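Participant: Could you have a look at this structure, given as structure tokens, before my questions?
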Amino acid sequence: MKNVARMACVAVLGLLLSACATQPMSQDYSAYKASKPRSILVLPPVSHAPDVNASLSVLSVTTLPLAEAGYYVMPVAPVYETFKQNGITVADEAQAVSPEKLREIFGADAALYITVEKYGAVYQIINSVVVVSANAKLVDLRTGTVLWQGQAQASSGENQNNAGGGLVGMLVTAAINQVVNQVTDQGHQMGNVASQRLLSAGHPGGLLYGPYNPKYGTD
Numbered sequence: 025m026k027n028v029a030r031m032a033c034v035a036v037l038g039l040l041l042s043a044c045a046t047q048p049m050s051q052d053y054s055a056y057k058a059s060k061p062r063s064i065l066v067l068p069p070v071s072h073a074p075d076v077n078a079s080l081s082v083l084s085v086t087t088l089p090l091a092e093a094g095y096y097v098m099p100v101a102p103v104y105e106t107f108k109q110n111g112i113t114v115a116d117e118a119q120a121v122s123p124e125k126l127r128e129i130f131g132a133d134a135a136l137y138i139t140v141e142k143y144g145a146v147y148q149i150i151n152s153v154v155v156v157s158a159n160a161k162l163v164d165l166r167t168g169t170v171l172w173q174g175q176a177q178a179s180s181g182e183n184q185n186n187a188g189g190g191l192v193g194m195l196v197t198a199a200i201n202q203v204v205n206q207v208t209d210q211g212h213q214m215g216n217v218a219s220q221r222l223l224s225a226g227h228p229g230g231l232l233y234g235p236y237n238p239k240y241g242t243d
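Note that our numbering has the sequence shown beginning at 25, numbered continuously upward.
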């Protein structure tokens, strides 16, 4: 009985840890404000996750939060095709291209470098949750200066409850979660949430508002 109770406590702790939002990074915005980027090139994300869909999935949900923040975002599909035509098909290679060369090819003011650290199911003692975590940096392509860095995470366990409490409730929740994870693309959904948290403007440690947002210059 003690072992069951201990397992339940560990599982609850795991859920709580997976639900914790990433603390905002300390930011020095002086270079960012001096740079005043108007256009952003989003480079193919480097992925450290085993899921082969991680990079493209996260890439597909980056444009909206950046555009809402007030930036012109270089269209993802033409950018991807340009890299491909130049023999660059791997994200690591794209991110290794010099800022000067990226500026010459695409004409953007800044580039966003994203690394996906986690993407997919994280198995706990009697449950599993889908977690997506990523970090990013914004680099001035005219000078090579890092303007901003951030990180964010999203988990399908953030709003879970145990359907009545106790170990039985936790087992019921675990069974439901397994079915949901099998029939829905939870990774992509959590990637969208993580992207919004990472790239939205107007919150502590986040991006500054861009010139196409009415709040530009207020942060």
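Idealized CB from N, CA, C, for every residue including glycine.
All values derive from a computational prediction rather than experimental measurement.
(1) Quick check on DSSP: helix, strand or coil for A225?
(2) When the Cα atoms are used, what is the spatial distance from I138 to G241?
(3) I need the boundaries of the alpha helix (DSSP H) containing T246, first residue and last residue.
(4) Alpha carbons only, please: which of P61, S50 and S179 is nearest the one belonging to Y233?
(5) Among residues of its own chain, excluding the 5 on either side of A176, which ones have a beta-carbon nearer than 6 Å to its beta-carbon?
(6) Using a 10 Å radius around the Cβ and a threshold of 16 neighbouring Cβ atoms, would you call K108 buried or exposed?
(7) Nearest-angstrom Cα distance between V203 and Y56?
(8) Do G230 and V156 have their C-beta atoms closer together than 8 Å?
(9) Candidates A58, K239, E141 and E117: which alpha carbon is nearest A134's?
(10) In terms of residues, what are the limits of the alpha helix (DSSP H) holding Y104?
Facilitator: According to the structure shown:
(1) Sequence index remark: in the sequence shown, residue 225 carries index 201 (1-based). Three-state DSSP puts A225 in a strand.
(2) As a working mapping, residue 138 is identified with position 114 in the sequence shown. As a working mapping, residue 241 is identified with position 217 in the sequence shown. Cα to Cα, I138 sits roughly 25 Å from G241.
(3) Residue numbering for the chain in the displayed model covers 25 to 243; residue 246 lies beyond these limits and cannot be assessed.
(4) Within the sequence shown, numbered from 1, the residue matching residue 233 stands at position 209. If we check each option's Cα against that of Y233, P61 comes out closest.
(5) Residue numbering aside, residue 176 sits at position 152 when the sequence shown is read from its first letter. If we look at A176 and ignore the five residues flanking it on each side, its Cβ neighbours are T46, A218, R221 and L222.
(6) The residue given as residue 108 occupies position 84 in the sequence shown. Exposed, by the Cβ-count rule.
(7) Position 179 of the sequence shown, counting from 1, holds the residue named residue 203. Position 32 of the sequence shown, counting from 1, holds the residue named residue 56. Confidence is the limiting factor: at V203 the pLDDT is only 48, short of 50, which leaves the residue's position unreliable, though a coordinate-based value still follows. In a straight line, the C-alpha of V203 is about 45 Å away from that of Y56.
(8) Here residue 230 corresponds to residue number 206 of the sequence shown, with the count starting at 1. Here residue 156 corresponds to residue number 132 of the sequence shown, with the count starting at 1. In this structure, V156 does not lie closer than 8 Å to G230 by Cβ.
(9) Here the question's residue 134 lines up with position 110 in the sequence shown. When each option's Cα is compared against that of A134, the closest is A58.
(10) In the sequence shown, residue 104 corresponds to position 80, counting from 1. Counting along the chain, Y104 sits inside the alpha helix (DSSP H) bounded by residues V100 to Q109.
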